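Each remark here refers to the structure printed beneath this line.
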Amino acid sequence: MSKVQSTLIKAFVSTLRRDLLIAYKKKNDLFNPFMFFLIVATLFPIGISPEPEKLSEISAGVLWISALLAALLAMDNLFRADYEDGSLEQLMLSPHPLYFLVLAKNIAHWLVSGLPVVLVSPLIAYMLSLPEGAYVTLFLTLLLGTPVLSLLGSIGVALTVGLGSRGLVLAVITLPMSVPVLIAGTLAVTQTQNGAELSGFLAIMGAMLVAALTLAPLASAAALRISVN
Amino acid sequence: MDWTWFHKWGSPKWFYELSGKWLPWLVGSMVLCLTVGIVWALLFVPQDYQQGLTNRIFYVHVPVASISLAFFPLMAIAGTVFLVWRMKLADVVVKVAAPLGAWFTALALASGSIWGVDTWGTWWIWDGRLTSLLLQFFLLLGVVSLRTALEDSEGAARACALLSIVGCINVVVIKYSVDWWNTLHQPSTDFSIAADQANGPEIWVPLVFMILAVYLFFAISLILSTRNEILQREKRSQWVMELVKRS
Numbered sequence: 000m001s002k003v004q005s006t007l008i009k010a011f012v013s014t015l016r017r018d019l020l021i022a023y024k025k026k027n028d029l030f031n032p033f034m035f036f037l038i039v040a041t042l043f044p045i046g047i048s049p050e051p052e053k054l055s056e057i058s059a060g061v062l063w064i065s066a067l068l069a070a071l072l073a074m075d076n077l078f079r080a081d082y083e084d085g086s087l088e089q090l091m092l093s094p095h096p097l098y099f100l101v102l103a104k105n106i107a108h109w110l111v112s113g114l115p116v117v118l119v120s121p122l123i124a125y126m127l128s129l130p131e132g133a134y135v136t137l138f139l140t141l142l143l144g145t146p147v148l149s150l151l152g153s154i155g156v157a158l159t160v161g162l163g164s165r166g167l168v169l170a171v172i173t174l175p176m177s178v179p180v181l182i183a184g185t186l187a188v189t190q191t192q193n194g195a196e197l198s199g200f201l202a203i204m205g206a207m208l209v210a211a212l213t214l215a216p217l218a219s220a221a222a223l224r225i226s227v228n
Numbered sequence: 000m001d002w003t004w005f006h007k008w009g010s011p012k013w014f015y016e017l018s019g020k021w022l023p024w025l026v027g028s029m030v031l032c033l034t035v036g037i038v039w040a041l042l043f044v045p046q047d048y049q050q051g052l053t054n055r056i057f058y059v060h061v062p063v064a065s066i067s068l069a070f071f072p073l074m075a076i077a078g079t080v081f082l083v084w085r086m087k088l089a090d091v092v093v094k095v096a097a098p099l100g101a102w103f104t105a106l107a108l109a110s111g112s113i114w115g116v117d118t119w120g121t122w123w124i125w126d127g128r129l130t131s132l133l134l135q136f137f138l139l140l141g142v143v144s145l146r147t148a149l150e151d152s153e154g155a156a157r158a159c160a161l162l163s164i165v166g167c168i169n170v171v172v173i174k175y176s177v178d179w180w181n182t183l184h185q186p187s188t189d190f191s192i193a194a195d196q197a198n199g200p201e202i203w204v205p206l207v208f209m210i211l212a213v214y215l216f217f218a219i220s221l222i223l224s225t226r227n228e229i230l231q232r233e234k235r236s237q238w239v240m241e242l243v244k245r246s
């Protein structure tokens, strides 16, 4: 392995470790998106109907929309703290391609904010009376889909990182872009209920994840170069 | 290869003068096409035996809907030109095209709704085309709101150029995924009425006139708002001051 490659991997790993460490020290950021997911999912039975038959029809969509909103809310602190204390600029000054550093930050961020949501989703699904056979589908599609949501969101966050109040702009930019993931995720659940093969849906979501992993950090890195002068 | 023709586009002044010469021709031909198209479509096209007079909105809806699909590619191309060559004019186009595109998309949705209320009996259905056009509308508003939030700095120009490129890719993905969602969710809507209609030349020739008219209208409104924006941005430069003094 050449020297350049090994230092690149080192930079990647240390960015990842640093972000995870910061998240571990600031447990509040870790906890909030998770709580938000639980609360939003709870609002639907209260707002629509507590009857299990009705709930089981909408449960997959409710879980997906709650996960989408939780991901959006969590995105806000992807670059903000680093932007405010100046470490983002240091990151950009490093000789390594920003693509990999942004990717490392994205992965750390998903592990902290996205993965807990995925892990707790079967519990919420049970409370929303998701149909028996749909648990595996829901869990796997969320596992493949939430990283895509984070990666797409990071483009919007990178574009708006310099703004004081950006919550709404971020939502307007990011939410329409998330529609394909939402469609694939909810369709997978409803269609496998009707006897369709799960593997096809997983392949499509896997393709989305690969495309997002390759392209989104490029756009995020370019956006960061624009936003941080 | 001689690149001067390309570099000329970097000068807002050059574009302002050139487009000033184009405008009368564009407006003239638009008025001609619009008059011929509207009169023909509204008075002389035979009535549809099922839809009656309502069907005539077809001659407005189809051109507007087709041009509204051109905005994201236009903004992505202009955005790329701006990011690569730092051409000020390209950013002006990205800036004015976003709200203009939102208007055209809204117009396409509105005219479609008016047509739909009579033929389908409802103002809105979650049909594939309607849904993806609605999402395109939201994405365009996103570009507008990003520009407003960043307050027109140099950074805003580059950020919006980037967002236009990302949005253009996204519109395509959304289009396909919505179609896929739609075919799996509900039986496809019967759009064939419009297709069956376009048989005889007395039906489609006025449509060609209307499409030309709307495309010219699009070009004119784009040029006018671009000229406006150029004047705003260059208001401290010598040539704009002279222009103001002369008028």
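Line by line, the protein sequences give chains A and B. Here numbering that gives the first Met the number 0 is used: position 60 in the first sequence is 59, and no number is missing along the way. Here numbering that gives the first Met the number 0 is used: position 242 in the second sequence is 241, and no number is missing along the way. The beta carbon of each residue, even a glycine, is placed where N, CA and C say it ideally should be. This one's a predicted model, so the numbers in the text were calculated from it and none came from an experiment.
Residue i vs residue j beta-carbon contact at 8 Å
i      : j      : result
A:V168 : A:L174 : no
B:G127 : A:N228 : no
A:L67  : A:S177 : yes
B:M240 : B:Y58  : no
B:S163 : B:V93  : yes
A:F78  : A:A157 : yes
B:V26  : B:I219 : yes
B:I202 : B:W114 : no
A:S153 : A:A215 : yes
B:F136 : B:A109 : no
A:G184 : A:W63  : yes
A:V117 : A:F138 : yes
A:K104 : A:T213 : no
B:A101 : B:V143 : yes
Under 7 Å by beta carbon: chain B residues contacting residue i
i      : result
A:M176 : N169
A:I154 : V165
Residue i to residue j span [Cα, whole Å]
i      : j      : result
B:A96  : A:E131 : 49 Å
B:C167 : A:E50  : 42 Å
A:S55  : A:I182 : 18 Å
B:K174 : A:P94  : 39 Å
A:P146 : A:I106 : 8 Å
A:K26  : A:L150 : 22 Å
B:S187 : B:S112 : Per-residue confidence for B:S187 stands at a pLDDT of 47, beneath the threshold of 50, marking its modelled position as unreliable; no derived number is given.
B:I37  : B:S131 : 28 Å
A:L208 : B:R85  : 33 Å
B:W119 : A:T136 : 36 Å
B:A75  : A:T191 : 37 Å
B:V165 : A:A218 : 8 Å
A:G166 : A:D81  : 18 Å
A:F36  : A:L71  : 11 Å
B:P23  : B:L215 : 12 Å
B:L129 : A:L7   : 46 Å
B:L161 : B:P200 : 44 Å
B:A69  : B:A89  : 16 Å
B:W180 : A:L186 : 7 Å
B:Q231 : B:A40  : 39 Å
Residue i: contacting residues in chain A (beta-carbon distance under 9 Å)
i      : result
B:T148 : According to the sequence as given, residue 148 of chain B is Ala; it is not Thr. T159, L162, S164, R165, L167, V168, listed in chain order.
B:I124 : Going along chain A, no residue has its Cβ under 9 Å from B:I124, so there is no contact; the nearest lies around 17 Å.
Where residue i meets chain A, residues with beta-carbon distance less than 7 Å
i      : result
B:S144 : V168, V171
B:W180 : I182, L186
B:L223 : Chain A residues near B:L223: none, gap ~27 Å exceeds 7 Å.
Chain-ordered neighbours of residue i on chain B, where CB pairs are closer than 8 Å
i      : result
A:S226 : G154, A158
A:Q192 : Chain B residues near A:Q192: none, gap ~12 Å exceeds 8 Å.
Neighbour list for residue i in chain A, Cβ cutoff strictly below 8 Å
i      : result
B:S176 : V178, P179, I182, A183
B:L183 : L186, Q190
B:V172 : P179
Heavy atom of the ligand ATP within 7 Å of residue i beta-carbon
i      : result
A:T145 : With respect to the ligand ATP, the structure shown offers nothing to examine, as it has no ligands at all.
Q: Could you please tell me which residues of the stretch 71–84 of chain A, in chain order, have their CB closer than 7 Å to any CB of chain B?
A: Cβ contacts with chain B: none found.
(Q) Closer than 7 Å between beta carbons: that is the criterion. Which residues of the stretch 81–115 of chain B meet it against chain A? (A) So the list is empty, because no residue satisfies the distance condition.
Q.
Can you pull out the residues from the stretch 68–82 of chain B whose beta carbon lies closer than 9 Å to at least one beta carbon of chain D?
A. Looking for chain D here will not work: the only protein chains present are A and B.
Q | Interface positions of the stretch 154–167 of chain B facing chain A (Cβ-Cβ less than 7 Å), listed along the chain | A | For the stretch 154–167 of chain B, the set of positions with a beta-carbon nearer than 7 Å to some beta-carbon of chain A reads G154, R157, A158, L161, L162, V165 in chain order.
**Q.** Residues in the stretch 205–227 of chain A having any Cβ partner in chain B nearer than 7 Å
**A.** Flagged, chain order: A218, A221, A222, I225, S226.
(Q) Counting only Cβ-Cβ distances shorter than 7 Å, please list the residues of the stretch 31–43 of chain B near chain A, keeping chain order. (A) Within the stretch 31–43 of chain B, no residue has a Cβ lying closer than 7 Å to any Cβ of chain A.
Q | Positions along the stretch 125–142 of chain B whose CB lies within less than 7 Å of some CB in chain A | A | Taking 7 Å as the upper bound on Cβ-Cβ separation, chain A lies near residues L134, F137, L138, L140, G141 of the stretch 125–142 of chain B.
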